[in-house]
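Asker: Dumping the structure here so I can ask a few things about it.
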Amino acid sequence: MTIRKILTLLLLAAGSMNAFSSEPPKLVSSEPPKLVITILVDQLRYDYLERFHDQFSEGGFRLLMDNGAFLTDAHYNYMPTITGPGHASFLSGAPPAMHGIISNQWFDHRTGANVNCVSDPAVNGVGADDAAGQRSPRNFFGSTLADEMRLRFHSKVIGISHKDRGAILPAGKKPAGAYWFHSASGNFITSTYYRQELPEWVKEFNERKLPTQFIGQTWKRLLDPSLYQWPDDAAGEGKLAGEDKVTFDHQIVASEKEGFETIIPTPFGNQLLLEFALAALEGEKLGTGTHPDLLSVSFSSNDYAGHRFGPYSQEAQDITLRLDLQLNEFFKQVDQKIGLEKVYIVLTADHGVAPTPEFAAEQGLDGYRVDPVEQMRD
């Protein structure tokens with residue numbers, strides 16, 4: 029798929045999202061946008077939008093579903109669908125065979141090592157001095173919509189995510205910045221591929237120490253327990269760090285092994301990233317120039333929660349409903365700062381997820397776990 033086709037699809041999918049106007053929103057605005065916001069929700073299954081639709085607010089997911097183009101039959105034409113390839117294909121329109129991001133990591137037969145899809149030993153971390161900062165898009169081939177906007181309009185492009193690959197891959201080859209969460213320090217970091225020092229707005233955000241404030245908080249259900257679709261102890265559920273149970277309420281604790289990553293599988297992780305997105309809008313003055321800018325935001329918390337608890341857990345439902353409310357507030361803030369009529373918003377996922385094997389077996393479906401090492405021994 030060409031960049032021209034991608035841009036056309038994005039404009040059709042985004043349209044004008046001014047839900048606060050008395051006039052019905054237009055599918056495509058007659059004026060060029062000031063800002064394009066692309067949102068990837070890691071592991072957001074399509075059926076969540078149907079299953080939880082009646083529990084969504086009007087200003088979150090439904091703002092886009094009801095007032096924009098809702099594409100219900102879109103597919104990635106490769107398998108398996110996972111985070112790295114999904115983020116690389118989203119704004120490039122290319123399959124893994126073309127853009128080179130064939131997995132989250134792969135075995136390099138030349139070196140005998142496993143390679144992270146965005147690892148780059150030629151760069152150093154900025155804001156962190158460990159390997160978590162040695163990241164860049166060098167393994168990605170081709171260009172993305174972000175690159176083409178930068179070349180055509182001199183657009184400012186910023187990519188942010190909890191995950192390094194979530195921040196880096198959609199933002200293309202030469203964005204103004206890409207920032208990801210460093211679980212050991214609780215800060216957002218970048219690498220020398222992009223810049224030699226963190227900008228002041230990132231330093232100021234890190235100084236707020238929001239992850240520290242989330243430690244000790246409790247993740248409670250948003251709704252009455254009767255309004256959740258499945259029991260709170262669905263088969264195959266895992267536990268959060270420091271817990272000995274799989275059910276609500278969940279206490280967020282610090283972990284010597286995981287650091288501040290313990291907040292990521294919870295709604296507090298999404299709140300952290302949304303606060304950072306608002307700081308990026310303000311700090312980079314996105315959407316205030318004569319040409320459109322691009323902000324790429326990739327939420328990883330839903331993926332972390334989905335892997336821990338499974339897609340039919342109350343936690344998966346709750347974190348999706350809470351993200352809906354968080355997006356509602358984010359869109360209101362964007363409207364106040366820029367005006368939603370001047371913004372194109374695109375929301376998608378990088379991949380879905382299957383039920384846990386235990387849940388599938390409980391429902392009479394085929395499902396079981398295997399130990400790959402034991403299987404190879406056999």
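Residue numbers (the numbering used here): 29 to 406. Virtual Cβ for every residue (Gly too), placed ideally from N, Cα, C. Since the model is a prediction, treat every value here as computed from it, not as a measurement.
(1) Is it buried or exposed, Asn167, if we count other Cβ atoms within 10 angstroms and call 16 or more buried?
(2) Near His115, what residues of its chain come up, given a Cβ to Cβ distance below 7 Å and the 5 sequence neighbours on each side ignored?
(3) Under the three-state reduction of DSSP, which class applies to Arg223: helix, strand or coil?
(4) Residue range of the beta strand (DSSP E) that Val151 falls in?
(5) Give me the Cα-Cα distance between Ser219 and Ser211, rounded to the nearest whole angstrom.
(6) Evaluate the contact criterion for the segment 174 to 188 versus the segment 142 to 157: three or more CB pairs, one atom per stretch, below 8 Å.
(7) Tell me whether Ala199 sits in a helix, a strand or coil according to DSSP, three-state version.
(8) Rounded to a whole number of angstroms, what is the C-alpha to C-alpha distance between Asp272 and Ile280?
(9) Is it true that the segment 304 to 311 meets the segment 227 to 238, where meeting means three or more beta-carbon pairs spaced less than 8 Å apart?
(10) Arg249 by DSSP, collapsed to three states: which one?
(11) Does the Cβ of Ser254 have 16 or more other Cβ atoms within 10 Å, making it buried, or fewer, making it exposed?
(12) Under the three-state reduction of DSSP, which class applies to Gly187: helix, strand or coil?
(13) By Cβ distance, which residues of its chain are closer than 7 Å to Pro61, with the 5 residues on each side in sequence left out?
(14) Quick one: Cα of Trp247 to Cα of Gly264, how far?
(15) For Glu86, which residues from the same chain have a beta carbon less than 7 Å from its beta carbon, with the 5 sequence-adjacent residues on both sides left out?
(16) If you drop the 5 nearest sequence neighbours on each side, which residues of the same chain put their C-beta closer than 8 Å to that of Ser49?
(17) Please list, in chain order, all residues of the same chain as Asn215 whose beta carbon is under 6 Å from its beta carbon, the five residues on each side excluded.
Answerer: Reading off the structure:
(1) Your numbering for residue 167 matches position 139 in the sequence shown. With 16 or more neighbouring CB atoms inside 10 Å of its own CB, Asn167 falls in the buried class.
(2) Residue mapping note: residue 115 aligns to position 87 of the sequence shown, counting from 1. Hits under 7 Å: Leu68, Arg193, Gly194, Leu197, Pro198, Ser326, Asp378.
(3) For the purposes of this step, residue 223 is taken as residue 195 along the sequence shown, with counting starting at 1. Reduced to three states, the DSSP call for Arg223 is coil.
(4) Position 123 of the sequence shown, counting from 1, holds the residue named residue 151. Premise fails: Val151 is in no beta strand (DSSP E) and is neither H nor E.
(5) Translated into the one-based positions of the sequence shown, residue 219 becomes position 191. Translated into the one-based positions of the sequence shown, residue 211 becomes position 183. Near 15 Å, if we compare the C-alpha coordinates of Ser211 and Ser219.
(6) Touching, no.
(7) For the purposes of this step, residue 199 is taken as the residue at position 171 of the sequence shown. DSSP places Ala199 in coil when its eight states are reduced to three.
(8) Within the sequence shown, the letter at position 244 stands for residue 272. Within the sequence shown, the letter at position 252 stands for residue 280. Taking the straight line joining both Cα atoms gives about 13 Å.
(9) Because the criterion of three Cβ pairs below 8 Å is met, the segment 304 to 311 and the segment 227 to 238 touch.
(10) Taking the sequence shown and counting its residues from 1, one reaches residue 249 at position 221. Coil.
(11) Within the sequence shown, residue 254 is the residue found at index 226, counting from 1. So Ser254 ends up on the exposed side.
(12) As a position in the sequence shown, residue 187 is number 159, starting the count at 1. Here Gly187 sits in strand by DSSP.
(13) On the sequence shown, residue 61 is found 33 positions in, with the first residue counted as 1. Counting only Cβ-Cβ distances below 7 Å, and skipping sequence neighbours, we find Pro320, Lys370, Val371, Tyr372.
(14) The residue given as residue 247 occupies position 219 in the sequence shown. The residue given as residue 264 occupies position 236 in the sequence shown. About 20 Å.
(15) The residue given as residue 86 occupies position 58 in the sequence shown. For Glu86, where only same-chain residues beyond five positions count, there are no Cβ hits under 7 Å.
(16) Numbered from its first residue, the sequence shown carries residue 49 at position 21. Any reading at Ser49 is ruled out, since the residue's pLDDT is 36, under 50, leaving its predicted position unreliable.
(17) Within the sequence shown, numbered from 1, the residue matching residue 215 stands at position 187. These residues qualify, in order along the chain: Gly155, Asn234.
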